[in-house]
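S.K.:
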Amino acid sequence: MQITWHEKIASAWLDRIHHGRLPHAVLLTGPPGVGKRAAAVWMASHRLVDGFDASLPEFPVQALEHPDLRRVSPPEEKTTIGIEQIRDLVVDLGLTSFEGAGKVAIIEPANAMTINAANSLLKTLEEPPGDTLLILVADRHGRLPATIFSRCQRIEFQPPGEPEGLAWLDRLQPGAHWAEALALAGNAPIGAIETLEQLETHAAMRKDLADLSCGRVSPLEVAARWGKLDVIFVLNWMSWQVQKAILAASTGSESPVASAIDKSVLNRMDRRNLFCYLDTINRLRGQPTGSYNVQLTLESLLIDWSEGLANVRAPAFAMR
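Counting in the numbering used here, the sequence shown runs from 111 upward without gaps.
Here is the structure:
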């Protein structure tokens, strides 16, 4: 299925091809789940595959096996791209193209490169072999070394508006509970597909918050359970829940979050503290996960919640 919200980016890319103005290195950035990987494969296909004429990237991502395409990602059971991987890539890009259309490399996620790996790529970015296209894909370009960032043309991907995202997902799987999944994924439709599979986890987490509000469970017990989940997933979910709580506290209207928060507790909460709590969560979302102690941070957030946000405090003690 075509990724319709890529239309402007795709049109600009095809225009560059038509006028022979393709850059030698591009950096595809934007939040997770907006289709950057699909766009990277689509761009590579237009460069390498004779007769390829798709006007938009497709989801699921179309398979592309080509002798002049190289993909570089962290090896299995590792989280970084090492210097040897980049050295091997540089050597390969210097060899003659198999089919004469040049060579393409997709590095994803580019921000997984170690400093030494990134440094090994610099000369290739500055003086690429003829007819080489490097496509770097990163959710957060701020984590890339400035030397890499400055040598690529950046293409920024954004999620579509909520109506377009919901319409696209309904065409993909009619009748599914897409509204909550899309909200939890930050309006990123492809991210919402994975999120939909996690709704059972969401239900269990809502119950944990309700039980915390009523004193039926301890913050440490909940933190131990949540600590087994991906921390970014947990923080994104908490941010969404608190935003719904702010809406409910401000308007008195029913909200999807009502099942997660005891109304008597919500009524006692100071709205200013709700905003402070949301700010604390969002600041954590912007931090590299290795910069704070996940378990202590979750415990601090959940203790505040169990106390009705009477004394919201930033979990500074949990920072490493």
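Quick reminder that beta carbons are idealized off the backbone N, C-alpha and C, glycines included. This structure is a prediction, so every number in the text was calculated from the model and none was measured.
How should residue 284 be labelled, buried or exposed, when 16 other C-beta atoms within 10 angstroms of its C-beta is the threshold for buried?
M.R.: Residue 284 comes out exposed.
S.K.: What would DSSP say about residue 307, mapped onto helix, strand or coil?
M.R.: Three-state DSSP puts residue 307 in coil, outside helix and strand.
S.K.: Could you tell me the boundaries of the beta strand (DSSP E) in which residue 201 lies?
M.R.: Not the beta strand (DSSP E): residue 201 falls in the alpha helix (DSSP H), residues 193–203.
S.K.: If residue 192 and residue 248 are in contact, beta carbons under 8 Å, what's the gap, nearest whole angstrom?
M.R.: In fact, because the Cβ distance is near 17 Å, the residues do not count as touching under 8 Å.
S.K.: List the endpoints of the continuous alpha helix (DSSP H) containing residue 236.
M.R.: Taken as a continuous stretch (DSSP letters only), the alpha helix (DSSP H) holding residue 236 covers 225–236.
S.K.: Check whether the Cβ atoms of residue 411 and residue 348 lie closer than 8 Å to each other.
M.R.: Contact: yes.
S.K.: Just curious, the beta strand (DSSP E) that residue 263 is in, first and last residue?
M.R.: Element bounds for residue 263: 263–266.
S.K.: Rounded to the nearest angstrom, how far is the Cβ of residue 113 from that of residue 145, given a contact under 8 Å?
M.R.: Correct: roughly 5 Å between the Cβ atoms.
S.K.: Is residue 322 near residue 332, with beta carbons less than 8 Å apart?
M.R.: In contact: residue 322 and residue 332 (Cβ atoms closer than 8 Å).
S.K.: When you compare only the Cα positions, how much space is there between residue 407 and residue 397?
M.R.: Approximately 12 Å between the Cα atoms of the pair.
S.K.: Using three-state DSSP, classify residue 369 as helix, strand or coil.
M.R.: Because the pLDDT at residue 369 is just 44, under 50, the model does not fix this residue reliably, and the value given afterwards should be weighed accordingly. The answer is helix: DSSP assigns residue 369 an H, G or I state.
S.K.: Pop quiz: residue 209 and residue 178 are said to be a contact at Cβ under 8 Å. What is the actual Cβ separation, rounded to whole angstroms?
M.R.: Right, the Cβ-Cβ distance comes to about 6 Å (below 8 Å), so this counts as a contact.
S.K.: Could you check where the alpha helix (DSSP H) with residue 188 kicks off and where it finishes?
M.R.: Residue 188 -> no alpha helix (DSSP H), and no H or E assigned at all.
S.K.: What's the C-alpha gap between residue 123 and residue 330?
M.R.: When rounded, the distance between both Cα atoms is 51 Å.
S.K.: Measure how close the beta-carbons of residue 298 and residue 143 come, nearest whole angstrom, since I'm counting them as under 8 Å.
M.R.: Between residue 143 and residue 298 the Cβ distance is about 3 Å, and since that is below 8 Å, they are a contact.
S.K.: Using only the alpha-carbon positions, how far apart do residue 138 and residue 185 sit?
M.R.: So the two alpha carbons sit approximately 21 Å from each other.
S.K.: Kindly identify the DSSP beta-bridge partner or partners of residue 137.
M.R.: DSSP lists 246, 264 as partners of residue 137.
S.K.: Under the assumption that residue 336 contacts residue 293 (Cβ atoms under 8 Å), give the Cβ distance between them as a whole number of angstroms.
M.R.: Incorrect: roughly 19 Å between the Cβ atoms, too far for contact.
S.K.: Three-state secondary structure (DSSP) at residue 113?
M.R.: Note: residue 113 maps to coil in three-state DSSP.
S.K.: What does DSSP give as the partner residue(s) for residue 213 in the beta ladder?
M.R.: Bridge partners of residue 213: 242.
S.K.: Quick one: Cα of residue 366 to Cα of residue 274, how far?
M.R.: A caution first: residue 366 carries a pLDDT of 44, below 50, which makes its placement in the model too unreliable to give a value.
S.K.: Measure the alpha-carbon distance for residue 262 versus residue 134 and round it to whole angstroms.
M.R.: Cα to Cα, the separation comes out at about 8 Å.
S.K.: How long is the line joining the alpha carbons of residue 276 and residue 126, rounded to whole angstroms?
M.R.: Those two C-alpha atoms are separated by around 31 Å.
S.K.: State the CB to CB distance for the pair residue 168 and residue 111, rounded to an integer number of angstroms; the pair is presumed to be in contact (CB under 8 Å).
M.R.: Between residue 111 and residue 168 the Cβ distance is about 7 Å, and since that is below 8 Å, they are a contact.
S.K.: Among 120, 418, 243, 217, whose alpha-carbon lies nearest the alpha-carbon of residue 267?
M.R.: That would be 120, whose Cα lies nearest to the Cα of residue 267.
S.K.: Can you give the Cα-Cα distance for residue 131 and residue 166, rounded to whole angstroms?
M.R.: Approximately 19 Å between the Cα atoms of the pair.
S.K.: At what residues does the beta strand (DSSP E) containing residue 147 begin and finish?
M.R.: Segment 146–158 is the alpha helix (DSSP H) holding residue 147; no beta strand (DSSP E) there.
S.K.: What residue range is occupied by the uninterrupted alpha helix (DSSP H) comprising residue 279?
M.R.: Where residue 279 is concerned, the enclosing alpha helix (DSSP H) stretches over 272–282.
S.K.: Short of 7 Å in beta carbon distance, which residues of its chain neighbour residue 171, apart from the five on each side in sequence? Order them along the chain.
M.R.: The residues are 147, 148, 151.
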